Amino acid sequence: MTNPWTTASPRARGAASAAVAFVTVVAALLVGMVIGRGAATVAPVPSVAAPTVIVQEPDALPLPVVGIEPAAQGPVSVFTPDPGLPTEGGRATGYRVVDTDIDRGALAEVLAETFGVEGTVAAETNAGIRIGEEGGPTIIVKGDRAASWLFSDPTVGALGRVPARESALDTARALLGDLGVDLTGIDWQVDAATPRTTVVAWQTINDRRTQLSWRVSIGRRGAITAVSGFAGALQPVPGYPVLGALEAVRRSAKPGWSAFGPTQVVEEFADLAASEVPASPFTATSPTLLGRPVAVATVRELVVTEAVLGLAEFTQPSGEILILPAYLLTADDGSRWSLLAIADAYLSLQPPTTPPTPSLSSSIRSN
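So for the sequence shown, our numbering puts the first residue at 1020; every next one is plus one.
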């Protein structure tokens, strides 16, 4: 399997096939952006099936992220599995985002030609690439493991009408199709607002949105103001051994293992009106024992009543993105949590590569 970003430059490839349109060259070059990158050909862009537009539906939320740092001000949560949780394990497929041999310089040049950005290729920090001057249209290709990229044009005027949702969707479909994105694995979302409409093309796995996406923002008179995406590819990793839900929840209570969950699932489209203002944790008097104040911490004790095996995104310390088998947990208070389900042999607890910076008290900082 070869990667198109390790072959000749875009101009050399275009010269070798003068009869081929520029759009085809772009699609071939950006085949690394297509999820089925290992295939011999780029999947054709569907032209008959009407796209499904999903806007702010709770079931369409992206896969949860597991292992992120909890909010410092949030209460500590202690999980107890309901005895009725499934005990049987099995095997499941995970995924990794790979950027093997992607030539970021070539990617930046092709994106610059596509969006009409002029300038020389300049190195950015963290192995990134930039084309374009400050204050004008620019292309940025990041050095992250997903080979993320961004086009932005701050010069687009503020006069004219914002395109209709259907028109914006058609524009985004055509643009991403020209860039070689396999639209058959996309779930669409259109966020209409002033002064721009943003079309989000979510990459899916098994009909579930991941955290990976391409975004096309369209401003006044149909002008494209920003486009972002990634050139990495999803690589299946089959055969992960999976624990039963009961054992996975019990394991999370061991010291250190909370790094792999449970992590609370953010309900992006939850009904804010239904939420209540939390009561103040402060009281007029603190509890005492033999006349001495007792230190009080807020602890939330939860019973996990339901567990469904799915996937969750986990970012390695190196920045590599993994999408791993995980349980979506439901607690007795209705909250939802994500917990990695893979066996102990595929989880590793390591010390940080750099020592933590000690925090200073306010009195020391003021001096």
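Note that beta-carbon positions come from the ideal geometry of N, C-alpha and C, so glycine has one too.
No experiment lies behind these values; they were computed from the predicted model shown.
Take the alpha-carbon of I1150 and the one of G1135: they are about 11 Å apart. Between F1249 and A1165, the CB-CB gap stays under 8 Å.
In its chain, beyond the 5 residues on either side, V1219, A1220, W1221, Q1222 have a beta carbon closer than 7 Å to the beta carbon of S1232.
For a cut-off of 8 Å, the C-beta gap from D1101 to V1323 is around 6 Å, short enough to register as a contact.
Taking the Cα positions, V1268 is about 12 Å away from V1261. The Cβ-Cβ distance between G1263 and L1358 does not fall below 8 Å.
Here the C-alpha atom of S1367 lies approximately 43 Å from the C-alpha atom of T1133. Judged by their CB atoms, A1212 and R1184 are not nearer to each other than the 8 Å cut-off.
Each residue's CA atom was taken as its position, placing L1321 and A1364 some 27 Å apart. In the DSSP annotation of this structure, the continuous segment of the alpha helix (DSSP H) that includes A1264 starts and ends at 1264-1270. Separation of L1080 and S1247 (C-alpha to C-alpha, rounded to the nearest whole angstrom) is 19 Å. Taking a cut-off of 8 Å on C-beta distances, the stretch 1328-1344 touches the stretch 1105-1119, as three or more cross pairs fall below it.
In the three-state DSSP reduction, E1185 falls in the helix class (H, G or I). Counting every other CB atom within 10 Å of its CB across the protein chains shown gives E1107 a total below 16, marking it as exposed.
Residue environment: D1172 is assigned as buried (16 or more neighbouring CB atoms within 10 Å of its CB, all protein chains considered). The C-beta distance from R1228 to L1126 rounds to 24 Å, too long to fall under 8 Å, and the pair is not in contact. Following the DSSP letters along the chain, one finds G1109 in no alpha helix (DSSP H) but inside the beta strand (DSSP E) bounded by residues 1109-1117. When the alpha-carbon of G1162 is set against those of L1265, G1251, S1186, the nearest one is in G1251.
Rounded to whole angstroms, the separation of the alpha carbons of L1130 and V1181 is 24 Å.
Cβ contact annotation for G1155 (same chain, cutoff 7 Å, sequence separation greater than five): T1174, in chain order. In this structure, T1190 lies near G1241, with their beta-carbon atoms less than 8 Å apart.
It is roughly 45 Å from the alpha-carbon of G1147 to the alpha-carbon of T1099.
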